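S.K.:
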Amino acid sequence: MFGFYLYYYLYAGNWDYYYSGAWTHEEGQLSTLFNPGFYFFGQAIPVPKIIAAPITLAVCAGLSYLICLSLEKAYRAFIKRKGRNISEEDILHTCFVLCTFVSFNVFFSFGGRPNISLFPTWGILLLNAFVVLVSSLWLHRSLARSRDNYSRESLASSLRRQLNKLAVDWSKFLEGRSLQDLLPNEVYVLAKVLPGFSRADRLRVYKGVLQESLQEGNVQSADSLEVLKDVRKELNISDEEHYSVLAELGVEDPALLDPQRQLSRENQLRIDSYRRALELVIQELVETGTPLSDAFERKQKQIMSLRQEYAITSAEQEQVLAEMFNQDGALLRTAETLLSQLQDLAVRYQALQNLVSNPHAPVYVLLRQAVQEKQKLIVTQLLSILEILGDTPEALDIARSIGVLAANILGDILRSNEEQSKWISRLSMRVIASLRQAKDLVTQSVGIATDINPGIADTQIDAPNSIRNSASTNTSTWSSIVAPTQIPEPALRSDVIIDVLMQLLQDIDPLVQAASLYALHQIDPSLGFQQARQLLDTKSTKDQLVIETAGRILGQGQTHAKNTVPTMIAQIKIMGRVERRVFQQSTVRVGREVGNDIIISDNRVSRQHAIFYLDEKGVSVKDLGSSNGLRIGKTQILDQQAQLQQGDVVRFSSGDDIVILVQWEMQAQQGDTLAEALGTLEKLLWLYKSSFFSGLKANVLIDLAKNSHVRVYRPEEEICRMGTVAHDLIVLIDGEARVSQSMGNQDLSGMILPGQTIGELEVLNHTNYAATVVASGTRTKTLRINAENFEAVLAQDTLLARNILELLSNRLQASLGQACSITQL
Numbered sequence: 028m029f030g031f032y033l034y035y036y037l038y039a040g041n042w043d044y045y046y047s048g049a050w051t052h053e054e055g056q057l058s059t060l061f062n063p064g065f066y067f068f069g070q071a072i073p074v075p076k077i078i079a080a081p082i083t084l085a086v087c088a089g090l091s092y093l094i095c096l097s098l099e100k101a102y103r104a105f106i107k108r109k110g111r112n113i114s115e116e117d118i119l120h121t122c123f124v125l126c127t128f129v130s131f132n133v134f135f136s137f138g139g140r141p142n143i144s145l146f147p148t149w150g151i152l153l154l155n156a157f158v159v160l161v162s163s164l165w166l167h168r169s170l171a172r173s174r175d176n177y178s179r180e181s182l183a184s185s186l187r188r189q190l191n192k193l194a195v196d197w198s199k200f201l202e203g204r205s206l207q208d209l210l211p212n213e214v215y216v217l218a219k220v221l222p223g224f225s226r227a228d229r230l231r232v233y234k235g236v237l238q239e240s241l242q243e244g245n246v247q248s249a250d251s252l253e254v255l256k257d258v259r260k261e262l263n264i265s266d267e268e269h270y271s272v273l274a275e276l277g278v279e280d281p282a283l284l285d286p287q288r289q290l291s292r293e294n295q296l297r298i299d300s301y302r303r304a305l306e307l308v309i310q311e312l313v314e315t316g317t318p319l320s321d322a323f324e325r326k327q328k329q330i331m332s333l334r335q336e337y338a339i340t341s342a343e344q345e346q347v348l349a350e351m352f353n354q355d356g357a358l359l360r361t362a363e364t365l366l367s368q369l370q371d372l373a374v375r376y377q378a379l380q381n382l383v384s385n386p387h388a389p390v391y392v393l394l395r396q397a398v399q400e401k402q403k404l405i406v407t408q409l410l411s412i413l414e415i416l417g418d419t420p421e422a423l424d425i426a427r428s429i430g431v432l433a434a435n436i437l438g439d440i441l442r443s444n445e446e447q448s449k450w451i452s453r454l455s456m457r458v459i460a461s462l463r464q465a466k467d468l469v470t471q472s473v474g475i476a477t478d479i480n481p482g483i484a485d486t487q488i489d490a491p492n493s494i495r496n497s498a499s500t501n502t503s504t505w506s507s508i509v510a511p512t513q514i515p516e517p518a519l520r521s522d523v524i525i526d527v528l529m530q531l532l533q534d535i536d537p538l539v540q541a542a543s544l545y546a547l548h549q550i551d552p553s554l555g556f557q558q559a560r561q562l563l564d565t566k567s568t569k570d571q572l573v574i575e576t577a578g579r580i581l582g583q584g585q586t587h588a589k590n591t592v593p594t595m596i597a598q599i600k601i602m603g604r605v606e607r608r609v610f611q612q613s614t615v616r617v618g619r620e621v622g623n624d625i626i627i628s629d630n631r632v633s634r635q636h637a638i639f640y641l642d643e644k645g646v647s648v649k650d651l652g653s654s655n656g657l658r659i660g661k662t663q664i665l666d667q668q669a670q671l672q673q674g675d676v677v678r679f680s681s682g683d684d685i686v687i688l689v690q691w692e693m694q695a696q697q698g699d700t701l702a703e704a705l706g707t708l709e710k711l712l713w714l715y716k717s718s719f720f721s722g723l724k725a726n727v728l729i730d731l732a733k734n735s736h737v738r739v740y741r742p743e744e745e746i747c748r749m750g751t752v753a754h755d756l757i758v759l760i761d762g763e764a765r766v767s768q769s770m771g772n773q774d775l776s777g778m779i780l781p782g783q784t785i786g787e788l789e790v791l792n793h794t795n796y797a798a799t800v801v802a803s804g805t806r807t808k809t810l811r812i813n814a815e816n817f818e819a820v821l822a823q824d825t826l827l828a829r830n831i832l833e834l835l836s837n838r839l840q841a842s843l844g845q846a847c848s849i850t851q852l
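Convert by adding 27 to the 1-based position in the sequence shown; the result is the number in this note's numbering.
1. With a 10 Å radius around its C-beta and 16 neighbouring C-beta atoms as the bar for buried, classify W713 as buried or exposed.
2. CB I757 to CB T805, shorter than 8 Å?
3. Given that a residue counts as buried once 16 or more other Cβ atoms are within 10 Å of its Cβ, and exposed if not, what is I475?
4. Relative to the alpha-carbon of L206, which residue among L186, V617, S225, V220 has its alpha-carbon at the smallest distance?
5. Would you kindly check if the distance between the Cβ of G762 and the Cβ of A732 is under 8 Å?
6. Could you check the C-alpha separation between M778 and Q377 for me, to the nearest Å?
7. Taking L532 and L547 to be in contact with their CB atoms under 8 Å, please state how far apart those CB atoms are, rounded to whole angstroms.
8. Counting Cβ pairs, one atom from each stretch, are 3 or more of them under 8 Å apart for the region 565-574 and the region 534-543?
9. Please name the residue in G618, G69, T591, A822 whose C-alpha comes closest to that of Y38.
10. D208 to F200, Cα distance in whole Å?
11. If you drop the 5 nearest sequence neighbours on each side, which residues of the same chain put their C-beta closer than 8 Å to that of I106?
12. Should V159 be labelled buried (16 or more other beta-carbon atoms within 10 Å of its own) or exposed?
13. Just list the alpha helix (DSSP H) runs in the region 415-463, keeping only unbroken ones of 4 residues or longer that don't cross its boundaries, in chain order.
14. If we ignore side chains and look at the alpha-carbon of each, how far apart do G622 and E745 end up?
15. On the premise that R229 lies in contact with N191, defined as a C-beta separation below 8 Å, what is that separation, rounded to the nearest angstrom?
16. Of the choices A249, E306, L284, T340, whose alpha-carbon is the least far from that of N294?
17. Buried or exposed for G674, going by 16 or more other Cβ atoms inside 10 Å?
18. For the region 142-154 and the region 165-172, state whether three or more C-beta atom pairs, one from each stretch, are separated by less than 8 Å.
19. I'd like the list of long-range same chain contacts for Q635, defined as Cβ closer than 6 Å, with 5 residues on each side in sequence excluded.
20. What span of residues does the beta strand (DSSP E) with N813 cover, start to end?
21. State the DSSP-derived secondary structure class of W165, mapped to helix, strand or coil.
22. Check I760 in the structure and name its three-state DSSP category.
23. Which term fits Y92, buried or exposed, when burial requires 16 or more other beta carbons within 10 angstroms of its beta carbon?
24. Taking the alpha helix (DSSP H) that Y215 falls in, what are its first and last residues?
25. Can you give me the Cβ contacts of D193 inside the same chain, cut-off strictly under 7 Å, excluding the 5 residues immediately before and after it?
26. Entirely within the region 338-409 and at least 3 residues each: give me those beta strand (DSSP E) ranges in chain order.
27. If distances are taken between C-alpha atoms only, which option among R765, V820, A388 comes closest to A725?
28. Quick one: grab the DSSP three-state call for Q487.
29. Express the C-alpha separation of S717 and T794 in angstroms, rounding to a whole number.
30. Would you list the one or two residues that DSSP bridges to A227?
31. Can you grab the Cα-Cα spacing for the pair S130 / G138, in whole Å?
32. With DSSP as the reference, label D642 as helix, strand or coil.
33. Evaluate the contact criterion for the region 452-460 versus the region 415-425: three or more CB pairs, one atom per stretch, below 8 Å.
34. Determine the DSSP secondary structure at V573, reduced to helix, strand or coil.
35. Going along the chain, which residues of its own chain have a beta-carbon closer than 8 Å to the beta-carbon of M28, five neighbours each way excluded?
36. Name the residue from I72, S271, L462 whose alpha carbon lies nearest to the alpha carbon of L432.
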């Protein structure tokens, strides 16, 4: 910009030529293109104007680039010197704002000056002051802004629009103000404290905000969890509910979740403006009774002109017309899309059920449940369409297709007692009959096929016929073929299941992504390794569970030959007796009672005395509020944590008769040490196998898995002892354990199998273990969940509380039955 105005000076040798305004009405300028283009010190330079002008602009642009680059580097150096933590985005924002400020003032220093110079002096000064004032205010405001501010304000506007849709008299709460008068922070506070704001209202508002953000291109489905975290916090929406809402939106409009689709608010406004203009064009004809299709034919030229004016593509034209034509046609098109999705899910479910070597493995059970949840969403949408269509032939055909493609879940949906899901009363009897008839046909076909040939799977399946012309004909033919499908050969089975897992790897739910990647690595390690590397390299996910799972797969592949982990070597001296122990788990408990990793049977040692923490940085120790505390050198620790140095001696009494000398190094992983070898997903899958944790939400299982650790026991080693404090809920995950319990004069013994729990009631009651449990297998593994973490999760999840009540009820019934048997004897 400066080069543009500077050239007037270089061309004339002074500023008089520019400020006089003579250049605005100079005649014959084309004939002077090859006249001298520079004039220095009263001397014309023989460089044609047609070359001199571009040279001036290019030189000024190059100098501007170099100057701005130097200033940017200086600013970065200044930030680094001051030790400020500023993101790359904020640095560039500051640089661009300053460049805009300078450009604005340079323009108004020259722009329009030939005319402005005609003003009186006070008018010129007033205009200059106004320009400087406005630009300075803009500079001050813009420097303080960030992407987060913009995102928060944009989301506040969307939240305001969604709140406005609720049937609420806002004047009662806002003292005469309207929603439009509220500042962004006030909108967030209102959404948080609004009385009578039910859970369903919050989810509906959040769904609207998320949908609007996706439609306008403000967020992508992959980063929506992070971008909308403030909205979720104010509306008290969990991460799992976010993914559920996102899945619903994907069912309603799959294009919303397409990362390749280019969306923006401007684009949406363009389409909306075209729709309104189109309605105005045909409104007159429609009001006279002309059919909509005839009206379009008559106004074809005007419609083509509008399409060119608004740059409407063929796909956008189809979208607009689909919304303007009759409702039944739009519903049938939606039903076609939903049935296509339902068919894909049915194929995935059957593959995960019939084509894997171990369909009962927790990872496949988890993936099948995830597929079923999506099936339920789609079926619910389809049942809503059936409710609108009534008893039409199309509705009955759609119902039969649903019965075939969703036979595994349709019964549960129809039996649901939720107020909004009483489909038996909402749908017509003919539609219900069609749904059940197709479902029963599938069940019978599968049963017969399985009896005749156990090598046949219950894979149904053909998709409904296309109904692309439903808008004009309102008729369509739907067919579904229920045919047992021969299970493929093992090699082909592997290809099919790999294809299904690759599709599930693109799911929006991080837990499904992680489980798919885990299963893929088990079936095809090289492909799993490749996909894990791609996930981490492209940084396509920010979820910690997916990142951890991918990292562990890469780590297992890279360190297969030599896997080293932090190792603590403890030399334990008790009353002159020295024992050397090696630990590779992240925590090592020390105390007097059974269940600690290091048991010291001395009254000077508390039951739970201390914990050693082991990681790549070394070892630290924490006193657990013991009576005597800990001594490291001359330093005494009471209810505190301290980092240890190599060779430190930790004393558990005032003398030297109970001490532990601590050293650590990186050693090869021992076969009996599993605490460091297990990730969150593996522990979650073990929890998933336990009926005690059945039905829990994914985020609850993830929290429990993160805060649990694995212990391995040798045969006849005690897992817990009767009478000791129950600090952990114990889940048996592999092997067997024998329980021995004393009840009055009667000794009872029994076996604990994988998936069963130990000490759940004792943990809740803060009492002692009611039984002594001993490992009976050659390699018994348990998952131990700290009591505090378990109680925190229990306070947030009612389903876990119900599971505990059910467990207690079963035990009481068993106890009463046992008492009755004794009485009869």
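Virtual Cβ for every residue (Gly too), placed ideally from N, Cα, C. All values derive from a computational prediction rather than experimental measurement.
M.R.: Put simply:
1. buried
2. no
3. Caution is warranted here: a pLDDT of 39 is assigned to I475, below 50, making its placement in the model unreliable, and no coordinate value can be reported.
4. L186
5. no
6. 35 Å
7. 7 Å
8. yes
9. G69
10. 13 Å
11. I113, I118
12. exposed
13. 420-432, 434-442, 450-453
14. 8 Å
15. Going by Cβ atoms, the distance from N191 to R229 rounds to 15 Å, so no, they are not a contact pair.
16. T340
17. exposed
18. no
19. G618, L651
20. 807-813
21. helix
22. strand
23. exposed
24. 211-220
25. One point to set straight first is that residue 193 is Leu, not Asp, in the sequence displayed. If we look at L193 and ignore the five residues flanking it on each side, its Cβ neighbours are D228.
26. none
27. V820
28. Low per-residue confidence applies at Q487: pLDDT is 40, beneath 50, and the placement is therefore not dependable, though the value from the model is reported in the following sentence. Looking at Q487 - three-state DSSP - the assignment turns out to be coil, as it is neither helix nor strand.
29. 23 Å
30. Paired residues: none, contrary to the question.
31. 11 Å
32. strand
33. yes
34. helix
35. S130, V133, F134
36. L462
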